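Residue numbers for the sequence shown follow my numbering, so the first one is 41 and each next one is one higher.
Each remark here refers to the structure printed beneath this line.
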Amino acid sequence: LLRYLKKIFYNSVAELRMYNVYLAPYKGAVEAGVGSVMSSFNTINGVPATADKWLLTDLLRNEWGFTGFVVTDYNSIGEMKTHGVADLKEASARALNAGTDMDMVAHGFLHTLEASLKEKAVTQERIDEACRRVLEAKYKLGLFENPYKYCDTLRGRKELFTEANRKAAREIAAETFVLLKNEGKLLPLQKKGRIALIGPMADAQNNMCGTWNMDCQTDRHVTMYEAFRRAVGDKATVSYAKGSNVYYSEHIEKGAVEPRPLTRGDDRQLRAEALRVAASADVIVAALGESAEMSGESSSRTDIQIPDAQKDLLKALVATGKPVILALFTGRPLDLCWESEHVPAILNVWFAGSEAGDAIADVMFGDMSPSGKLTTSFPRAVGQLPLYYNHLNTGRPDTDDTTFNRYGSNYIDQSNEPLYPFGYGLSYTTFRYGNLQLSAERMAKGGQLKVTVPVTNSGECDGVEIVQLYLHDVYAEISRPVKELKAFRRVALKKGETQNVEFVLDEDDLKYYNSRLEYGYEPGEFEVMVGPDSRNVQHATFVAE
Numbered sequence: 041l042l043r044y045l046k047k048i049f050y051n052s053v054a055e056l057r058m059y060n061v062y063l064a065p066y067k068g069a070v071e072a073g074v075g076s077v078m079s080s081f082n083t084i085n086g087v088p089a090t091a092d093k094w095l096l097t098d099l100l101r102n103e104w105g106f107t108g109f110v111v112t113d114y115n116s117i118g119e120m121k122t123h124g125v126a127d128l129k130e131a132s133a134r135a136l137n138a139g140t141d142m143d144m145v146a147h148g149f150l151h152t153l154e155a156s157l158k159e160k161a162v163t164q165e166r167i168d169e170a171c172r173r174v175l176e177a178k179y180k181l182g183l184f185e186n187p188y189k190y191c192d193t194l195r196g197r198k199e200l201f202t203e204a205n206r207k208a209a210r211e212i213a214a215e216t217f218v219l220l221k222n223e224g225k226l227l228p229l230q231k232k233g234r235i236a237l238i239g240p241m242a243d244a245q246n247n248m249c250g251t252w253n254m255d256c257q258t259d260r261h262v263t264m265y266e267a268f269r270r271a272v273g274d275k276a277t278v279s280y281a282k283g284s285n286v287y288y289s290e291h292i293e294k295g296a297v298e299p300r301p302l303t304r305g306d307d308r309q310l311r312a313e314a315l316r317v318a319a320s321a322d323v324i325v326a327a328l329g330e331s332a333e334m335s336g337e338s339s340s341r342t343d344i345q346i347p348d349a350q351k352d353l354l355k356a357l358v359a360t361g362k363p364v365i366l367a368l369f370t371g372r373p374l375d376l377c378w379e380s381e382h383v384p385a386i387l388n389v390w391f392a393g394s395e396a397g398d399a400i401a402d403v404m405f406g407d408m409s410p411s412g413k414l415t416t417s418f419p420r421a422v423g424q425l426p427l428y429y430n431h432l433n434t435g436r437p438d439t440d441d442t443t444f445n446r447y448g449s450n451y452i453d454q455s456n457e458p459l460y461p462f463g464y465g466l467s468y469t470t471f472r473y474g475n476l477q478l479s480a481e482r483m484a485k486g487g488q489l490k491v492t493v494p495v496t497n498s499g500e501c502d503g504v505e506i507v508q509l510y511l512h513d514v515y516a517e518i519s520r521p522v523k524e525l526k527a528f529r530r531v532a533l534k535k536g537e538t539q540n541v542e543f544v545l546d547e548d549d550l551k552y553y554n555s556r557l558e559y560g561y562e563p564g565e566f567e568v569m570v571g572p573d574s575r576n577v578q579h580a581t582f583v584a585e
């Protein structure tokens, strides 16, 4: 329930939207058996989440059936004072009574509950209940038999960084990368000639994992520069230059990169060195974007383009006339309009963990074909935000995205469409979708409906496609999203191979919360959409009885 720019402040959410949008993933986690839930700092419709009985007890436990324990976020009981609570004692009592079981860091439970019990602000039964839930979790973790089970300081070195785990991390990382553009089939790179690797992210060991990672052993992280040299061996030369600082402003950069500062240099000297390296190269790989902490906690940005110093570096590299590939580091959607127009190849590598460098090399040199898809829409301008594929329709929807309609739902100066839509991602091969087929024109109450589409690898190499199914409730009591992702299939296809990809819809896929917060669906027409992303889809309709 945390909105992007208001993480530790407030949220005002209509109840209907809360149930149909924000609560859905949390409900899914509870149904999957999650053992603990963390309450957040912010208020929800004026009530601090840590002291919200409706949220933590009525909804979470009584309606959803959650049986684990609720823990606060870091000092969120102490920070309730900024939301109008008198003191730590009152905040602790309110949090406990609302359904909070464990107090992280604030120490309010430890130091104030005894006094609150004497004042009858809390009950012994509620204290016992909270203790029981925490003890049950410890029992399930085996801490009664071995209280120090997870306290071995060498455990991470012995168990987490095994060869098997590193291999798995490398493969998983490669599967997350999203190929946004590949003009002229510039990727995959050939392991020959002279490759210039330029940018402040290219050899930054402490920048690979991203923020809030577990057991971050920076000294064992693989950078792109290290991985590229290992990948090509003596078949090619890889030259490196940092090229720029993250930002021109040292003050802004300090806030952006702490607590993992990158060594700064003189902007002019860095640029000159980069251009010297680029001049002798056959191809340039620019490793640019956000530093790890820029996408972390309390790291909101008003400008979501690539930071200024790096963007100017990229423009200078493009101006050399050499082919340029952008390896984009980011943890959020960025405005990439200039890059999309001027850079021939863009691979979004996010922050892919300790094995990110080798994983990037695997994909860029073609040992693996990119198969990732965007989990969010990338805007054309910050003014389009909030921007999401599953929006409601308007009374005057924009049917022509190229022509301004004075009285339609469109921008004067920009397309309504995102630059890169939700679910988008290219491959080194191509995929051809056959005709979408439904097993029936009607779905009986309590029944199922099969959706099938043949997908062919029509390109020149093996690859993986993620086939996506969206649904739209055409006529309903309340306005429903233009489309909602209901399922996806990850399909590995050999060159020339065809598979019939099948989905099965049932009543649960049709349900939503109506204006009375009743969960169900209304018989009527539904639209099925299947395709490689949320924009490029085939359509079919059926009637649910």
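All C-beta atoms, glycine included, are put in the ideal place defined by N, C-alpha and C.
Note that this is a predicted model, so its numbers are computed, not measured.
Next item on the list: Count the other CB atoms, across all protein chains shown, that sit within 10 Å of the CB of Ser320; report buried if there are 16 or more and exposed otherwise.
Entry: exposed
Check: Fully enclosed by the segment 333–367, which beta strand (DSSP E) runs are 3 residues long or longer?
Finding: none
Checklist line | Distance, Leu509 Cα to Tyr44 Cα | finding: Unreliable positioning characterises Tyr44 in this predicted model, as indicated by a pLDDT of 36, which lies under 50. A coordinate reading is not provided.
Note to self: DSSP has Lys221 in a bridge; who is on the other side?
What the structure shows: Ile386
Notebook entry, point to check: Do the segment 309–329 and the segment 344–353 make contact, defined as three or more Cβ pairs closer than 8 Å?
Noted result: yes
Note to self: Is there a C-beta anywhere in chain D that falls below 9 Å from the one on Pro299?
What the structure shows: The structure shown contains no chain D; it holds only a single protein chain.
Checklist line | Sequence-distant residues of its chain with Cβ nearer than 7 Å to Ala516 (five each side left out) | finding: Glu562
Check: Going by the beta-carbon positions, is the gap between Leu328 and Phe369 smaller than 9 Å?
Finding: yes
Next item on the list: Ignore the nearest five residues each way along the sequence and tell me which others in Val53's own chain have a CB closer than 6 Å to its CB.
Entry: none
Checklist line | Inter-stretch contact at 8 Å, needing at least 3 Cβ pairs: the segment 492–510 / the segment 525–535 | finding: yes
Next item on the list: Look up Arg134 in the DSSP assignment and say whether it is helix, strand or coil.
Entry: helix
Check: Which value, in whole angstroms, describes the spacing of the CA atoms of His431 and Asn475?
Finding: 26 Å
Margin query: What would DSSP say about Glu505, mapped onto helix, strand or coil?
Written below: strand
Notebook entry, point to check: Closest to Gly239 by CA distance: which of Pro347, Val145 and Phe405 is it?
Noted result: Pro347
Note to self: Is the beta carbon of Pro384 closer than 9 Å to that of Gly224?
What the structure shows: yes
Notebook entry, point to check: If you draw a straight line from the C-alpha of Arg134 to the C-alpha of His123, how long is it?
Noted result: 13 Å
Item checked: Collapsed DSSP secondary structure at Val541 in the structure displayed -> strand
Next item on the list: Just mark His151 as buried or exposed, buried being the case when its beta carbon has 16 or more other beta carbons within 10 Å.
Entry: exposed
Item checked: Local Cβ density within 10 Å of Lys180, reported as buried at 16 or more and exposed below that -> exposed
Margin query: Within 8 Å, do at least three Cβ pairs link the segment 287–303 to the segment 201–218?
Written below: no
Next item on the list: Check each candidate in Ala296, Met142, Lys485 and Val278 and name the one with the smallest Cα separation from Val286.
Entry: Ala296
Next item on the list: Spell out a yes or no on whether the segment 435–448 and the segment 533–546 are touching, meaning 3 or more CB-CB pairs, one atom from each, closer than 8 Å.
Entry: no
Next item on the list: Scan the segment 369–448 and note each continuous alpha helix (DSSP H) run of 4 residues or more that stays entirely inside, going in chain order.
Entry: 377–382 and 396–404
Next item on the list: Use the C-beta contact count for Pro437: other C-beta atoms within 10 angstroms, 16 or more gives buried, fewer gives exposed.
Entry: exposed
Next item on the list: With DSSP as the reference, label Leu310 as helix, strand or coil.
Entry: helix
Notebook entry, point to check: Secondary structure at Leu227, three-state DSSP: helix, strand or coil?
Noted result: coil
Margin query: So, does the segment 262–280 touch the segment 408–422, judging by three or more C-beta pairs under 8 Å?
Written below: no
Notebook entry, point to check: Considering only residues of the same chain and omitting the five flanking positions on each side of Val544, which have a CB-CB separation below 6 Å?
Noted result: Gln488 and Lys490
Checklist line | Contacting residues, own chain, Cβ-Cβ under 6 Å from Thr492 (five flanking each side not counted) | finding: Gln477, Asn540 and Glu542
Notebook entry, point to check: In three-state DSSP terms, what is Ser467?
Noted result: coil
Checklist line | Rounded separation between Cys501 and Gly465 - CA only | finding: 16 Å
Next item on the list: For Phe391, count neighbouring C-beta atoms within 10 Å of its own C-beta (all shown protein chains included) and say buried if the count is 16 or more, exposed if not.
Entry: buried
Next item on the list: Spatial neighbours of Tyr585 within its chain, please: CB distance less than 7 Å, with the 5 preceding and 5 following residues excluded, ordered by chain position.
Entry: Correcting the residue identity first, residue 585 is Glu in this sequence and not Tyr. Excluding residues within five positions, the ones whose Cβ falls inside 7 Å are Arg482, Met483, Ala484, Lys485 and Pro563.
Checklist line | Assumed close pair Lys523, Asp549 - CB separation to whole angstroms, cut-off 8 Å | finding: Contact flag wrong, Cβ pair sits at about 13 Å.
Checklist line | Boundaries (first-last residue) of the alpha helix (DSSP H) holding Glu481 | finding: No alpha helix (DSSP H) holds Glu481; DSSP gives it neither H nor E.
Item checked: Coil, strand or helix - Pro65 by DSSP -> helix
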